[in-house]
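One structure is given below, encoded as structure tokens.
As structure tokens, this is what we get:
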């Protein structure tokens with residue numbers, strides 16, 4: 021029995037890959053960076069300086085700059101929401117089936133911007149970035165960040181790009197929280213929001229999973245109180261965190277259908293013989309993850325998710341929800357138990373009680389939280405229709 | 021941020037404690053041990069010798085020995101299913117509200133036997149026991165065990181006690197698997213079974229949680245490939261395993277009701293300030309657990325649960341279910357998602373298709389898997405009524 025079982029089955033990639041549509045021609049993109057030397061003032065009052073943001077854009081901005089859509093990624097996502105960097109890339113960006121010519125976020129019509137979040141590890145300043153004051157990675161000296169700080173960092177990027185109005189902001193999971201917070205923080209700039217598989221505040225069960233994931237990381241001796249950048253990575257801890265995460269991304273029924281109780285081999289390293297396919301799948305996902313993600317980012321971003329509460333500073337949850345004035349299309353998936361339809365509905369109900377005309381669709385799916393990266397045919401038309409309606413509304417068409 | 025946060029709130033004990041009824045007078049018991057020098061031959065062909073079994077009994081055996089009820093404990097349970105060892109004990113055995121004078125398992129009428137399972141760490145031979153061949157704890161040289169091996173070990177105990185017929189076998193969770201397997205392995209000896217919060221085979225989601233729990237343990241450097249008995253315990257790993265376990269024992273709705281998103285203090289050791297109550301609860305449960313449970317037992321017992329399949333060796337699941345000839349009362353709880361009503365119903369349906377007259381009650385509860393240690397008023401009468409009926413049936417009353 022070892023902690024790193026190296027079985028790498030062929031078809032166990034992320035659902036986003038499996039479900040990639042390849043109907044249209046490939047679109048190509050590149051990751052760009054902008055650095056703000058004056059940095060960013062956080063809601064805590066602390067300053068991160070300089071601030072670098074990694075971002076990608078798709079399509080062309082209109083002369084009136086009225087066709088901009090901002091896309092916010094999930095916990096372990098990045099700015100690469102669509103397209104390919106090179107012809108030889110094995111797979112496209114994480115929401116590619118929704119973004120491109122003729123797709124829901126139609127790059128023939130709209131200008132799409134997607135940035136890596138503040139605190140991330142895919143080009144935007146985060147705990148792995150070098151602190152110019154010390155010449156070393158921030159590690160735990162990186163300030164605590166919130167979803168609002170992520171939104172404010174994106175706001176600086178949009179300012180830099182000369183964008184003042186957003187036709188829509190969309191994203192799933194943690195990205196959906198940023199979407200909501202955009203409407204709260206900058207109501208005059210956000211014409212519509214499309215939050216997918218998200219909620220106004222994480223459930224205690226969601227917080228519980230975040231915490232055991234973090235504990236797995238910080239209990240790894242290689243974590244070394246966050247100072248591992250010059251040594252061994254806390255790989256075992258991060259693998260376990262990712263394995264737990266993947267359990268919460270699937271549903272019990274999708275696991276049953278995909279893996280059942282099938283066993284796949286005799287694991288020569290194990291005292292216990294056969295390994296179940298679901299175990300092998302989780303190990304595969306864990307092993308892949310440590311190659312690309314920073315453990316400290318995982319801690320900072322999950323904390324930001326845990327603490328996000330749309331009603332922060334408000335008397336009631338309804339007051340929090342009522343802060344959203346933008347037009348809104350909410351989408352959730354029936355078997356999602358990490359960001360459950362119940363929680364999306366709680367937010368939608370609160371908005372409706374405040375007189376907001378909210379569109380909300382609970383999509384039938386057995387794919388759990390992963391559904392927003394799988395069930396494109398079931399919801400992409402809702403998005404395209406909604407955006408067109410919003411666009412016409414603001415152009416008196 | 022530390023991995024061992026030492027907050028110990030007052031009322032966050034196991035649900036069994038919180039729900040203990042104290043209507044009747046206390047009953048007292050003692051843990052007994054019997055050692056079989058010839059040991060036990062496992063289904064694998066391996067032998068564990070000697071075999072010691074820790075057990076407790078309650079009530080008196082009838083002259084005809086027709087009033088014996090066997091109780092099987094869950095993963096981290098033990099032989100102490102009811103009563104107190106001493107007047108000063110803070111809490112009674114784990115199923116005390118069901119077992120005692122006038123209770124569902126009425127010790128005025130029945131003779132109750134409960135033993136610590138094979139592979140456990142509460143008195144019965146397990147990985148922490150000394151291997152007489154080496155003079156050292158078995159650790160991972162302990163043979164792999166199955167639910168059937170646990171049942172066969174209990175069978176030796178009952179032989180020793182001169183018991184040939186069981187009026188009933190009952191237990192919850194992993195204990196429920198033993199209950200089912202008793203009816204399959206010794207159909208002529210088992211007059212009835214009362215499996216609670218269990219299923220004929222663990223779901224892939226259940227296996228997934230088992231595996232990340234085990235990974236947390238074996239990734240702890242102190243685990244040392246199972247050889248930690250003379251050194252530091254793999255406490256961090258076992259704490260994380262227990263924290264994950266507790267998430268699966270509660271339901272999302274019970275967490276919401278019990279903890280909500282309340283924060284309870286500023287954690288001075290944390291970079292991130294406030295701690296949610298659910299986090300504090302899980303840490304408390306984890307910290308308590310390492311004081312009493314053996315990490316290797318956790319690995320062996322979860323593996324036995326994962327591999328248990330009532331249809332093993334059968335062509336179909338229905339054939340597996342049809343092996344149960346005993347009268348049966350199944351109980352599940354609506355919000356249990358570790359051993360969900362769907363899975364209990366799968367087994368019950370399969371038995372009914374084979375012509376078995378099975379009683380099955382799905383109890384409304386929001387307590388999740390823990391419900392079988394909480395919701396006594398909702399199901400104890402089902403048990404007492406069922407046992408009385410079985411008893412009368414076999415005594416032509």
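Protein chains in written order, with the numbering used here: chain H, 21 to 417; chain L, 21 to 417. Just so it is clear, CB atoms sit at the ideal spot from N, CA and C, and this is done for glycine as well.
CB contact below 8 Å: residue 225 of chain H versus chain L: Reading the first chain from its first residue, position 205 is the one you call residue 225 of chain H. It does: the Cβ of residue 225 of chain H has a partner Cβ on chain L nearer than 8 Å.
CB contact check: residue 296 of chain H to chain L, cutoff 8 Å: To locate residue 296 of chain H, count along the first chain from 1; it is residue 276. By this cut-off, residue 296 of chain H is an interface position.
Those residues which DSSP pairs with residue 72 of chain L across a bridge: Against the second chain, residue 72 of chain L aligns to sequence position 52. Residue 72 of chain L pairs with L:55.
Selection from L:169, L:387, L:189, L:244 that minimises the alpha carbon distance to residue 403 of chain L: The sequence position of residue 403 of chain L within the second chain is 383, counting from 1. Residue L:189 is the option with its Cα nearest to residue 403 of chain L.
Residue nearest to residue 398 of chain H in terms of C-alpha spacing, selected from H:407, H:383, H:405, H:368: In the first chain, counting from the first residue as 1, residue 398 of chain H sits at position 378. Residue 398 of chain H has its Cα closest to that of H:383, out of H:407, H:383, H:405, H:368.
Identity of the residues DSSP links to residue 134 of chain L by a beta bridge: Indexing the second chain from 1 puts residue 134 of chain L at position 114. In the DSSP assignment, residue 134 of chain L is bridged to L:76, L:91.
Simplified DSSP assignment, three categories, for residue 126 of chain L: Start at 1 with the first residue of the second chain, and residue 126 of chain L comes out as number 106. Looking at residue 126 of chain L - three-state DSSP - the assignment turns out to be strand.
Where the segment 334-360 of chain L meets chain H: residues whose CB sits under 9 Å from a CB there: Answer in chain order: 357, 360.
Whole-angstrom C-beta distance between residue 277 of chain H and residue 296 of chain H, which should lie under 8 Å: Reading the first chain from its first residue, position 276 is the one you call residue 296 of chain H. Reading the first chain from its first residue, position 257 is the one you call residue 277 of chain H. Between residue 296 of chain H and residue 277 of chain H a beta carbon distance of about 15 Å is seen, past the 8 Å cut, so the two are scored as non-contacting.
Residue 199 of chain L at chain H interface by Cβ criterion, 8 Å: Working through the second chain from its first residue, we reach residue 199 of chain L at position 179. Residue 199 of chain L does not count as touching chain H.
Within 8 Å, strictly: CB atoms of residue 159 of chain H and residue 257 of chain H: Looking up residue 159 of chain H in the first chain gives position 139. Looking up residue 257 of chain H in the first chain gives position 237. Result no, Cβ atoms of residue 159 of chain H and residue 257 of chain H do not sit closer than 8 Å.
Cβ-based contacts, 7 Å cut-off: residues of the segment 295-316 of chain H near chain L: In summary, the residues of the segment 295-316 of chain H whose CB is separated from some CB of chain L by less than 7 Å are 296, 298, 299, 302, in the order they occur in the chain.
Under 8 Å between C-beta atoms of residue 229 of chain L and residue 267 of chain H: Translated into the one-based positions of the second chain, residue 229 of chain L becomes position 209. Translated into the one-based positions of the first chain, residue 267 of chain H becomes position 247. Note that the C-beta distance between residue 229 of chain L and residue 267 of chain H is below 8 Å.
8 Å Cβ shell around residue 415 of chain L - same chain, five flanking residues per side excluded: Position 395 of the second chain, counted from the first residue, corresponds to residue 415 of chain L. Cβ within range, chain order: 86.
CA nearest to the CA of residue 88 of chain L, picked from L:392, L:125, L:61, L:153: Looking up residue 88 of chain L in the second chain gives position 68. Closest by C-alpha distance to residue 88 of chain L, out of L:392, L:125, L:61, L:153, is L:125.
Helix, strand or coil at residue 120 of chain L [DSSP, three-state]: Working through the second chain from its first residue, we reach residue 120 of chain L at position 100. Residue 120 of chain L: strand per DSSP, three-state reduction.
Same chain, Cβ closer than 7 Å to residue 28 of chain L, neighbours up to 5 away in sequence not counted: Residue numbering aside, residue 28 of chain L sits at position 8 when the second chain is read from its first letter. For residue 28 of chain L, the predicted model reports a pLDDT of 44, less than 50, meaning its position is unreliable; a value from the coordinates is still stated below. Counting only Cβ-Cβ distances below 7 Å, and skipping sequence neighbours, we find 304.
Residue of L:181, L:57, L:249, L:64 minimising C-alpha distance to residue 75 of chain L: What you label residue 75 of chain L is simply residue 55 of the second chain in a count that begins at 1. Taking only the C-alpha atoms, the option nearest residue 75 of chain L is L:181.
Per-residue burial, residue 342 of chain H [other beta carbons within 10 Å of its own, 16 or more giving buried]: Taking the first residue of the first chain as 1, we reach residue 342 of chain H at position 322. Residue 342 of chain H counts as buried, since no fewer than 16 other beta carbons sit within 10 angstroms of its beta carbon.
Pick from L:123, L:133, L:279, L:161 that is closest to residue 320 of chain L, judged by C-alpha positions: For the purposes of this step, residue 320 of chain L is taken as the residue at position 300 of the second chain. When each option's Cα is compared against that of residue 320 of chain L, the closest is L:161.
8 Å Cβ cutoff, residue 204 of chain H in contact with chain L: The sequence position of residue 204 of chain H within the first chain is 184, counting from 1. Proximity of residue 204 of chain H to chain L, defined by a Cβ-Cβ separation below 8 Å, is not satisfied.
Assigned exposure category for residue 53 of chain L - 16 Cβ within 10 Å defines buried: Translated into the one-based positions of the second chain, residue 53 of chain L becomes position 33. Only exposed fits residue 53 of chain L, as fewer than 16 other CB atoms lie within 10 angstroms of its CB.
Enclosing alpha helix (DSSP H) for residue 305 of chain L [first to last residue]: Counting from 1 along the second chain, the entry for residue 305 of chain L is found at position 285. Per DSSP, residue 305 of chain L belongs to the alpha helix (DSSP H) from 297-310.
Extent of the continuous beta strand (DSSP E) to which residue 212 of chain H belongs: Indexing the first chain from 1 puts residue 212 of chain H at position 192. Residue 212 of chain H -> beta strand (DSSP E) spans 212-216.
C-alpha distance - residue 156 of chain L paired with residue 138 of chain L, whole-angstrom precision: Within the second chain, residue 156 of chain L is the residue found at index 136, counting from 1. Within the second chain, residue 138 of chain L is the residue found at index 118, counting from 1. In this structure, the alpha-carbon of residue 156 of chain L lies about 18 Å from that of residue 138 of chain L.
From H:307, H:56, H:208, H:206, residue whose alpha carbon lies closest to that of residue 253 of chain H: For this step, residue 253 of chain H is matched to residue 233 along the first chain. Sorting H:307, H:56, H:208, H:206 by C-alpha distance to the C-alpha of residue 253 of chain H places H:307 at the top.
is_contact[residue 257 of chain H, chain L] using C-beta, thresh 8 Å: Position 237 of the first chain, counting from 1, holds the residue named residue 257 of chain H. Yes, residue 257 of chain H lies at the interface with chain L (some Cβ there is under 8 Å from its Cβ).
Neighbourhood of residue 213 of chain L by C-beta, 8 Å cutoff - its chain only, sequence neighbours within 5 removed: Reading the second chain from its first residue, position 193 is the one you call residue 213 of chain L. Closer than 8 Å at Cβ, skipping near neighbours: 188, 189, 190, 199, 200, 202, 203, 344, 346, 347, 348, 349.
Residue 231 of chain L, enclosing alpha helix (DSSP H) - first and last residue: The residue given as residue 231 of chain L occupies position 211 in the second chain. It spans 224-238 - the alpha helix (DSSP H) in which residue 231 of chain L sits, taken as one unbroken run.
Residue 329 of chain H at chain L interface by Cβ criterion, 8 Å: Position 309 of the first chain, counted from the start, is the residue given in the question as residue 329 of chain H. Residue 329 of chain H belongs to the set of residues whose beta carbon lies under 8 Å from a beta carbon in chain L.
Residue 321 of chain L at chain H interface by Cβ criterion, 8 Å: Residue numbering aside, residue 321 of chain L sits at position 301 when the second chain is read from its first letter. Residue 321 of chain L does not count as touching chain H.
First through last residue of the alpha helix (DSSP H) which encompasses residue 368 of chain H: The residue you call residue 368 of chain H lines up with position 348 of the first chain. Residue range 361-373 is occupied by the alpha helix (DSSP H) that includes residue 368 of chain H.
Which listed residue (H:400, H:129, H:192, H:352) has its alpha carbon closest to that of residue 80 of chain H: The residue given as residue 80 of chain H occupies position 60 in the first chain. It is H:129 whose Cα lies nearest to the Cα of residue 80 of chain H.
Within 9 Å of chain L by C-beta, residues of the segment 223-249 of chain H in sequence order: Within the segment 223-249 of chain H, 223, 224, 225, 226, 227, 228, 229, 230, 231, 232, 234, 235, 236, 238, 239, 240, 241, 245, 246 place their CB atoms closer than 9 Å to a CB of chain L, listed in sequence order.
Chain H contact for residue 326 of chain L (CB, 8 Å cutoff): Start at 1 with the first residue of the second chain, and residue 326 of chain L comes out as number 306. Closer than 8 Å to some Cβ of chain H, the Cβ of residue 326 of chain L qualifies, so yes.
Beta carbon proximity, residue 280 of chain H to chain L, threshold 8 Å: Working through the first chain from its first residue, we reach residue 280 of chain H at position 260. So yes, residue 280 of chain H belongs to the interface.
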